[in-house]
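Undergrad: With the working numbering as the guide, the letters of the sequence shown map in order to residues 279 to 379.
Dropping the structure in here first, questions after.
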Amino acid sequence: MQIYSFPFTAPAYNVAVECDDAVLGRNMTCNCTADGNPRPSFQWRASNGSFLGNGSSYTTPLVERTLSGNYFICVASNGFGLNASKSTSIFYVKGKWNMRT
């Protein structure tokens, strides 16, 4: 049984996301934080709105150049409200790109 202290609050407006560098051919991990009571749960979405996963962190499959120019959104909710991170981090993939013709 969980015991919560009062008052109940929606997740704080400033949902924060921090991500590793996007390096071609490597995984990238993003972490999301938010305050709220009870503690918020997290959901990840891509810039096109598609669902990516649940939890306070999200690790990409191996980074491809198609990730460049995209971003992830972290949504925090706790039953008393929800807030989404602002889409301010756009990924620019680092690494050598092989062009095939």
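Glycine included, each C-beta is placed from N, C-alpha and C at the ideal position.
Predicted model, so just to flag it, every value in this text is computed and none were measured.
Taking a contact to mean a Cβ-Cβ separation below 7 Å, would you say THR337 touches THR311 in this structure?
TA: No. Outside cutoff.
Undergrad: In chain order, which alpha helix (DSSP H) runs of at least 4 residues are fully inside the stretch 290-342?
TA: none
Undergrad: Within 6 Å: the Cβ of VAL293 and any heavy atom of the ligand GTP?
TA: Absence of the ligand GTP is noted for the structure shown, with no ligands found whatsoever.
Undergrad: Name the two residues that bound the continuous beta strand (DSSP E) containing ASN361.
TA: Following the DSSP letters along the chain, one finds ASN361 inside the beta strand (DSSP E) bounded by residues 360-362.
Undergrad: What does DSSP give as the partner residues of SER355 in its beta bridges?
TA: SER319, LEU360
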